[in-house]
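Structure record follows, encoded as structure tokens.
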Amino acid sequence: MSDSSSPIVSLRGVGKLFGTGTLALDGLDLDVRRGEFLSLLGPSGCGKSTALRIVAGLSEPSRGTVTWSDGGGSHARDIGFVFQEPTLMPWATVLANVFLPLKLAGADRAAAVPRIMETLARVGLADFAEAYPRELSGGMRMRVSIARALVTAPRILLMDEPFAALDEITRFKLNDDLVALWRELRMTVVFVTHSVFESVYLSQRIVVMTNRPGRVSSELAIDATHRDARFRTSAEYAGYCRVASEALGRAMNAGAAA
Amino acid sequence: MSGGSPQESGRERREQALRILAPAGVLALGVVLWDLIVRVNGIPPYILPSPGLVLSTLVSDWPVLWTSLLATLETTMEGLALAVIGGIGLAVLFNQSRLIEHSLYPYAVILQVTPVVAVAPLLLIYLPQQAAVLACAWIVAFFPVLANTTLGLSSVDHNLADLFRLYGASRWQVLRELKLPAALPQMLAGIRIAGGLSLIGAVVAEIAAGSAGAGSGLAYRIAESGYRLNIPRMFAALLLLSLAGIVIFALLSWLTHLVLHRWHESAIARET
Ligand SMILES: Nc1ncnc2c1ncn2[C@@H]1O[C@H](COP(=O)(O)OP(=O)(O)O)[C@@H](O)[C@H]1O
Ligand SMILES: [Mg+2]
Chain U
142 MSDSSSPIVS
152 LRGVGKLFGT
162 GTLALDGLDL
172 DVRRGEFLSL
182 LGPSGCGKST
192 ALRIVAGLSE
202 PSRGTVTWSD
212 GGGSHARDIG
222 FVFQEPTLMP
232 WATVLANVFL
242 PLKLAGADRA
252 AAVPRIMETL
262 ARVGLADFAE
272 AYPRELSGGM
282 RMRVSIARAL
292 VTAPRILLMD
302 EPFAALDEIT
312 RFKLNDDLVA
322 LWRELRMTVV
332 FVTHSVFESV
342 YLSQRIVVMT
352 NRPGRVSSEL
362 AIDATHRDAR
372 FRTSAEYAGY
382 CRVASEALGR
392 AMNAGAAA
Chain Z
19 MSGGSPQESG
29 RERREQALRI
39 LAPAGVLALG
49 VVLWDLIVRV
59 NGIPPYILPS
69 PGLVLSTLVS
79 DWPVLWTSLL
89 ATLETTMEGL
99 ALAVIGGIGL
109 AVLFNQSRLI
119 EHSLYPYAVI
129 LQVTPVVAVA
139 PLLLIYLPQQ
149 AAVLACAWIV
159 AFFPVLANTT
169 LGLSSVDHNL
179 ADLFRLYGAS
189 RWQVLRELKL
199 PAALPQMLAG
209 IRIAGGLSLI
219 GAVVAEIAAG
229 SAGAGSGLAY
239 RIAESGYRLN
249 IPRMFAALLL
259 LSLAGIVIFA
269 LLSWLTHLVL
279 HRWHESAIAR
289 ET
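Here the protein sequences line up with chains U and Z, keeping their order. Quick note, this note's numbering runs 141 ahead of the 1-based positions in the first sequence. Quick note, this note's numbering runs 18 ahead of the 1-based positions in the second sequence.
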């Protein structure tokens, strides 16, 4: 994990003022390095989702710049996005839901099926291709959502509190699977969360954001190589969590004082 | 642990039976009461025919009534089909262009709030009778399709819409792959209402046309029988008319179930 040098995307002085008068972000500087697992950690309402949507191009910054390493052009097909809700089409089967990004790009369904099945197998849903979303549990729906984001083999995967609504057991399982996927696929992940524990468990690097308007308060590297049940109960993990909690506490105070 | 499932299915069967037997019992009771009232008071058939007489009239007048029923059903179905095409088409247009929506929506509302009984005589002056009757069926049936579809098209999940944008979907793809399927439940609800209204529109226009005399639908038969004091036939035609309404509603409900049962909450029978 030493190729973490060149940023894949850089945000400089990014600000976002909504029409309602809410200043969600102000002077946000952020580099996302190639191949890293980066978490954006911050209190609810600090502008994490806004920042992620700006990276995805779903929202325009009011100020500042977003620069991609390959110098602009169409990144659309290179981004995978996972929302807090599974956001599946209820009228379509699991297979059709995962096919969506390819279909919108003009792909032929029959030709895409092997790739879809491979992606479904990756998230452990090979047997559920013909099921409808309502027949699945919350965790399984989220897996479909992740498969849909992965099916285009994106260079960067953006995830906005994807597991926040799930129970703890399911969340732990999905955390493990996500780490495994990240290692296997060697992609860049930007993971938004308000959970200290989740961010420490998953990330190589945590960027802590201040209260609204969101800005980078501090950043923290997590140098653990193994992410498993043992790590979760280790003193090392607890230590990182304490440091991250303190950083979050400082960030919230800083925001309140400003 | 001696299996709750037979017990469960037994209760379900009883529930099912109740749902059929209860209204059937009410019907039987009503018919018996009706018959009793007619007998005991010796009411003549030109005031109130007995249920038996209505049934035998239904049988004896069947050729006339059947042709009339077909005529009314044809109008109803054509009106419904035009309402579905027009309602969905206009809703899609509204969804694509604010200008068109703002320009036309008020007139759709005016068409809806003006009582069709009042419009029918006017239409009968300007249009050939069959066209006028069809126009009435269309006028009352098309608004629920338009209103429901419009609502459905604009209540798409925002995140899903963002996802389509992220993957560079064209306007046409968004409409076909996202908005139309998402609007399906509301669209079908609108169509279910429109089925009944189309029948009402056809009946109203036939009644209005009845005085002009050239009609052949069931409602025309009712009006005609009224003038001739053929009350048993009036009842028989009325009976057919409400049966037709029930069948239309049942068919459209079945269609809704067929389309939605795999995915939509409204079509799922919950197991407890
Ligand atoms: N579309 C919007 N219009 C107006 N205000 C918004 C919009 N989206 C987010 N906000 C506001 O911006 C702030 C940051 O929101 P968000 O980025 O969702 O925070 P987070 O994801 O960190 O919880 C909040 O105060 C929120 O109310
Ligand atoms: Mg958020």
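All residues carry an ideal CB built from backbone N, CA and C; glycine is no exception.
Against chain U, the CB of Z:Asn177 has a partner CB under 8 Å away; the residue lies at that interface. When Cβ-Cβ separations below 8 Å define contact, U:Glu226 makes contact with chain Z. Sequence-distant Cβ neighbours of Z:Thr93 in its own chain, meaning closer than 7 Å and more than five residues away, are Val151, Leu152, Ala155, Ala220 and Gly235. Near ligand 1, meaning a Cβ closer than 5 Å to any of its heavy atoms, lie the following residues in chain order: U:Phe159, U:Thr161, U:Thr163, U:Ala165, U:Ser185, U:Gly186, U:Cys187, U:Gly188, U:Lys189, U:Ser190 and U:Thr191. Following the DSSP letters along the chain, one finds U:Pro148 inside the beta strand (DSSP E) bounded by residues Pro148 to Leu158. A contact is defined here as three or more CB-CB pairs under 8 Å, and the stretch 156-171 of chain Z meets this definition with respect to the stretch 194-210 of chain Z. Under the three-pair Cβ rule at 8 Å, the stretch 177-186 of chain U counts as touching the stretch 332-350 of chain U. Residues of chain U whose Cβ lies closer than 7 Å to the Cβ of Z:Gln191 are, in chain order, Leu245. The continuous alpha helix (DSSP H) containing Z:Val131 extends over residues Arg116 to Val131. Beta bridge pairing from DSSP links U:Trp209 with U:Val150.
For U:Ile149, no chain Z residue has a C-beta closer than 9 Å to its own C-beta; the minimum C-beta separation is roughly 17 Å.
By the neighbour-count criterion, in which a residue is buried when 16 or more other Cβ atoms sit within 10 angstroms of its Cβ, U:Phe224 is buried. About 7 Å separates the beta carbon of Z:Tyr238 from that of Z:Ala227, a gap short enough to meet the 8 Å contact definition. Of the candidates Z:Ile157, Z:Glu283 and Z:Ala179, the residue whose Cα lies closest to the Cα of Z:Gly214 is Z:Ile157.
When CB distances to chain Z are screened at a threshold of 7 Å, the residues of the stretch 260-288 of chain U falling below it are Tyr273 and Arg275, in chain order. Of the residues U:Gly355, U:Gly162 and U:Arg371, the one whose Cα lies closest to the Cα of U:Ala395 is U:Gly355.
Within 7 Å of the C-beta of U:Glu226 there is not a single heavy atom belonging to ligand 2.
U:Ile347 carries a strand assignment under DSSP once its states are collapsed to helix, strand and coil.
Remark: C-beta atoms of Z:Leu178 and U:Thr228 approach each other more closely than 8 Å. Scanning its chain for C-beta atoms nearer than 6 Å, with the 5 sequence neighbours on each side dropped, one finds around U:Val330 the residues Phe178, Leu298 and Trp323, in chain order. Membership of U:Val357 in the beta strand (DSSP E) is indicated by the continuous run Val357 to Ala362. Shortest Cα-Cα distance from Z:His282 to any of U:Phe222, U:Arg275, U:Ala267 and U:Val264 involves U:Arg275. If you look at U:Ile220, you'll find it in the beta strand (DSSP E) that goes Ile220 to Val223.
DSSP places U:Asp172 within a strand segment (E or B) once states are collapsed to three.
Taking a contact to require three or more Cβ pairs closer than 8 Å, the stretch 286-306 of chain U and the stretch 191-206 of chain U qualify as touching. Think of a sphere of 7 Å around the beta carbon of Z:Phe112: no beta carbon from chain U falls inside it, the nearest being about 22 Å out. Counted as a single uninterrupted DSSP element, the alpha helix (DSSP H) harbouring Z:Phe253 occupies residues Ile249 to Leu278.
Z:Val222 and Z:Leu36 have their C-alpha atoms spaced approximately 36 Å apart. Nearest CB-CB separation between Z:Tyr238 and chain U: not below the 8 Å threshold. Counting C-beta pairs with one atom in each stretch, the stretch 127-139 of chain Z and the stretch 179-198 of chain Z have fewer than three that are closer than 8 Å, which means they do not touch.
In this structure, DSSP gives U:Leu319 a helical state, which the three-state scheme calls helix. The beta carbons of Z:Leu258 and Z:Leu83 sit closer together than 8 Å. In this structure, U:Asp369 is the residue among U:Leu261, U:Asp167, U:Asp369 and U:Ala237 with its C-alpha nearest to the C-alpha of U:Asp317. Following the DSSP letters along the chain, one finds U:Phe178 inside the beta strand (DSSP E) bounded by residues Phe178 to Leu182.
Assigned with DSSP and collapsed to three states, U:Leu298 falls in strand. Around U:Leu199, the beta-carbon contacts reaching into chain Z at under 8 Å are Asp180, Arg183 and Leu184.
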